[in-house]
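The next block holds one structure in the form of structure tokens; read it before the comments.
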Amino acid sequence: MQRPGTGAENYEDYQRDIERYQQRRRGEEPDTAARSSSLPPGFLGEERGIRSSHLTHLGGFRREYLHRKRRDSCPDLAPVSSDTDSNTLPPEAEPHEQNSSLLLAAEIEDQMSFMAFFVADMVDDSPGRQIRLLTADGLPPNSAQARKKKMSVAKACVSTFKAFIATGILFMPQAMTNAGWGWAVLLMSFSCVISTLGILLLGQCHQHHNVSYPLLGRKAFGVYGYFLIAGQVAFSQFCFCASYYIFISTTIQNLFLGHGMVPPSTFVIMLLVGLALTPLGWIRRIGKMKVVNLAGDVIIITAIFSVAATAALKLCRDGVSQEVVAFAPPSRVLIFAGTSVYAFEGIALVIPIRESMEKPEYFPHMLVGMMLFFVVFLTGFGILGYFAWGNHVKAVALNELPGTMGMLIQLLYIMAIFCGYPLAIFPAFAIIESKLFSDGPPTLTRKWLKNLLRTFITLLMGAFAYQMSTYLSLFISMLGSFCSIPLAIIFPGMLHLRLVKDSPRLDWILISIGCVLVPVTLYVDIVHMNL
């Protein structure tokens with residue numbers, strides 16, 4: 001048997017039998033041309049595009065890429081389309097950019113598209129895949145059926161909510177002890193304004209150049225712009241996933257203490273967490289985890305509202321804590337500045353939502369409305385917890401839940417974090433692997449080399465989290481300062497200044513604000529870490 005390829009290699013018998021069976025199931029006569037041809041049926045005279053729904057199936061990325069590559073090499077196979085709607089991809093888009101964009105439109109409904117915005121297509125490591133990838137039947141992605149997959153404004157709002165509201169909100173009550181509720185309101189409002197402006201500028205860049213965030217950097221600043229943004233995305237996801245270690249360790253130790261038992265050491269817990277996360281990091285077909293991720297979303301929302309209800313009941317019973325202040329000493333206020341940007345942790349993930357909207361012209365209005373909702377929701381949650389528990393609120397507000405029900409919710413939340421890890425770490429793995437592994441045949445050796453790399457990154461993440469475990473609030477602030485501020489404020493201003501050029505004054509204002517905030521807030525965090 002010949003090695004599978006992308007050209008005229010023989011079409012394997014078992015695949016031909018599968019196709020005949022599928023045709024009989026559809027009540028069709030088997031295609032004689034397909035039986036006698038040595039080429040996969042996608043290479044016959046007609047255009048055989050890929051349905052957007054097929055991209056959620058096994059090999060969707062690679063299949064679409066190979067179809068497009070074949071059409072590029074054989075112009076007579078290229079489709080002639082009169083469809084020139086706003087969703088058509090620009091001719092300068094590279095194949096992997098087109099794959100990413102097509103995936104997002106279908107995957108957004110299944111909560112799997114947010115991270116795909118940052119990375120290009122990855123070749124699956126399973127051997128013998130290429131012929132199967134080439135033989136999908138389907139409609140062109142810009143067909144009427146594909147356009148039905150686009151989201152309404154209401155569904156876009158729901159997707160935006162799921163992108164923004166996650167674990168970060170549980171750090172808000174304790175973070176407010178650094179600033180006081182008055183400074184917190186002002187800083188959260190300021191962060192909301194500049195973050196919204198950054199997203200809108202990024203959306204305009206995407207409107208003019210329909211490519212991913214790192215590729216916008218390449219268009220604006222060449223290869224250095226690409227590596228800067230892609231590297232920042234990878235490091236951000238690395239740090240966000242490192243916070244999972246600290247979150248899980250803190251929660252488990254709290255469960256032991258709540259039952260009068262001596263908790264395991266932080267090192268032991270994090271080692272066990274690393275061993276559990278390692279095989280989860282090997283998962284590549286994250287599209288198969290839709291149900292698991294949906295369950296995780298339900299658990300997260302349930303936990304957030306449980307904490308809010310517990311805080312409200314305590315306020316009704318005991319009143320506002322005597323430790324609450326409106327304006328904390330200025331020396332600690334800037335610690336909250338980084339946290340306030342980190343709280344909007346879905347900032348850079350809204351562009352896939354714009355790309356998937358049926359009417360993308362409504363994106364700015366939808367975004368502004370949702371950002372106003374988020375600033376009220378996040379600030380209100382933080383104030384509620386701060387008023388209820390005062391300066392003694394735990395670093396993770398989830399650990400304030402009492403009784404057996406509280407313990408159950410905490411355990412379920414830990415499970416939700418484990419379920420979400422493959423998706424959360426995917427951009428970091430994809431970006432790093434794309435630079436360390438050149439294109440080549442998908443062999444078992446190649447797959448296990450990647451698994452070893454993923455294992456090393458996961459354990460390195462645990463070692464990093466262990467070093468930062470005693471500085472959780474400062475660690476979250478540093479994440480906001482070093483990761484969130486550049487991605488949400490500085491880079492959008494730089495890209496807009498170079499690619500769109502219609503509001504240079506606003507671009508420079510955002511760039512200047514971000515360039516001042518990053519070193520100042522990092523300096524304050526490091527100083528307090530050494531106290």
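Residue numbers (full-length UniProt numbering): 1 to 531. Where is the CB? At the ideal position from N, CA and C, for every residue including glycine.
CA nearest to the CA of residue i, picked from the options
{"i": "Gln322", "options": "Ser469, Leu378, His392, Pro264", "result": "His392"}
{"i": "Leu384", "options": "His496, Ile304, Leu272", "result": "Ile304"}
{"i": "Phe171", "options": "Ser191, Gly440, Gly406, Thr250", "result": "Thr250"}
{"i": "Trp389", "options": "Gln207, Phe482, Cys483, Thr310", "result": "Thr310"}
{"i": "Leu315", "options": "Lys447, Met176, Tyr386", "result": "Tyr386"}
{"i": "Tyr245", "options": "Tyr226, Leu487, His496, Phe418", "result": "Phe418"}
{"i": "Ile490", "options": "Leu479, Val516, Leu474, Tyr362", "result": "Val516"}
{"i": "Phe256", "options": "Gly403, Ile194, Ser152, Leu202", "result": "Gly403"}
{"i": "Ser477", "options": "Gly420, Ala343, Leu412, Pro427", "result": "Ala343"}
{"i": "Leu412", "options": "Val268, Ile299, Gly225", "result": "Ile299"}
{"i": "Tyr421", "options": "Pro279, Cys157, Val153, Ser152", "result": "Pro279"}
{"i": "Leu401", "options": "Met415, Lys450, Ser306, Met176", "result": "Ser306"}
{"i": "Thr167", "options": "Thr196, Gly296, Met289", "result": "Gly296"}
{"i": "Gln204", "options": "Tyr226, Phe381, Ser481, Ile351", "result": "Ile351"}
{"i": "Cys483", "options": "Met270, Val341, Val333, Leu474", "result": "Val341"}
{"i": "Ser195", "options": "Val368, Val211, Pro264", "result": "Val368"}
{"i": "Gly480", "options": "Pro504, Met461, Pro519, Leu510", "result": "Pro519"}
7 Å CB neighbourhood of residue i in its chain, flanking five on each side removed
{"i": "Ser512", "result": "none"}
{"i": "Arg454", "result": "Gly281, Trp282, Phe429"}
{"i": "Ala424", "result": "Gln237, Phe240, Cys241"}
{"i": "Ala337", "result": "Leu187, Leu517, Thr521"}
{"i": "Ile431", "result": "Val119, Ala230, Val233, Ala234"}
{"i": "Ser152", "result": "Glu358"}
{"i": "Leu228", "result": "Gly217"}
{"i": "Val291", "result": "none"}
Span separating the alpha-carbon of residue i from that of residue j
{"i": "Pro173", "j": "Phe429", "result": "32 Å"}
{"i": "Ile248", "j": "Thr379", "result": "24 Å"}
{"i": "Phe161", "j": "Met370", "result": "8 Å"}
{"i": "Gly274", "j": "Leu398", "result": "22 Å"}
{"i": "Pro486", "j": "Gly260", "result": "44 Å"}
{"i": "Asp121", "j": "Ser356", "result": "Confidence at Asp121 is low in this model, with a pLDDT of 34, below 50, so the placement of that residue should be treated as unreliable; the coordinate-derived value is given next. Their backbone Cα atoms lie some 18 Å apart in a straight line."}
{"i": "Glu361", "j": "Val262", "result": "57 Å"}
{"i": "Leu215", "j": "Phe363", "result": "21 Å"}
{"i": "Asn178", "j": "Trp448", "result": "46 Å"}
{"i": "Gly180", "j": "Ile301", "result": "26 Å"}
{"i": "His208", "j": "Val500", "result": "7 Å"}
{"i": "Leu452", "j": "Met176", "result": "41 Å"}
{"i": "residue 546", "j": "Ile526", "result": "Coverage of the chain is limited to positions 1 through 531, which leaves residue 546 absent and any answer about it impossible."}
{"i": "Ala308", "j": "Val223", "result": "46 Å"}
{"i": "Tyr523", "j": "Thr339", "result": "14 Å"}
{"i": "Ala328", "j": "Ala184", "result": "10 Å"}
{"i": "Ser191", "j": "Phe373", "result": "13 Å"}
{"i": "Arg332", "j": "Gly225", "result": "34 Å"}
{"i": "Ala156", "j": "Lys150", "result": "10 Å"}
{"i": "Thr458", "j": "Ser438", "result": "22 Å"}
{"i": "Ser101", "j": "Pro427", "result": "In this predicted model, Ser101 has a pLDDT of only 45, less than 50, meaning its place in the structure is not dependable; the value taken from the coordinates is given anyway. Cα to Cα, Ser101 sits roughly 15 Å from Pro427."}
{"i": "Ser212", "j": "His206", "result": "8 Å"}
{"i": "Gly382", "j": "Pro442", "result": "48 Å"}
{"i": "Arg505", "j": "Lys219", "result": "21 Å"}
{"i": "Ile286", "j": "Leu197", "result": "32 Å"}
One or two residues paired with residue i in a DSSP bridge
{"i": "Met151", "result": "Met357"}
Closer than 7 Å to chain B by CB, residue i
{"i": "Arg505", "result": "Structure shown: chain B not included; a single protein chain is present."}
Same chain only: Cβ atoms within 6 Å of residue i, ignoring 5 sequence neighbours per side
{"i": "Gly258", "result": "none"}
{"i": "residue 545", "result": "In this structure the chain extends from 1 to 531, so residue 545 is not present and cannot be described."}
Own chain residues within Cβ distance below 8 Å of residue i, not counting five before or after
{"i": "Thr266", "result": "Ser249, Gln253, Tyr466, Ser469"}
{"i": "Asp507", "result": "Leu201, Gly493, Met494, His496, Leu497"}
Subject >> Every unbroken alpha helix (DSSP H) inside the region 235–307 [4 residues or more] >> reply: Within the region 235–307, the complete alpha helix (DSSP H) runs of at least 4 residues are 266–281.
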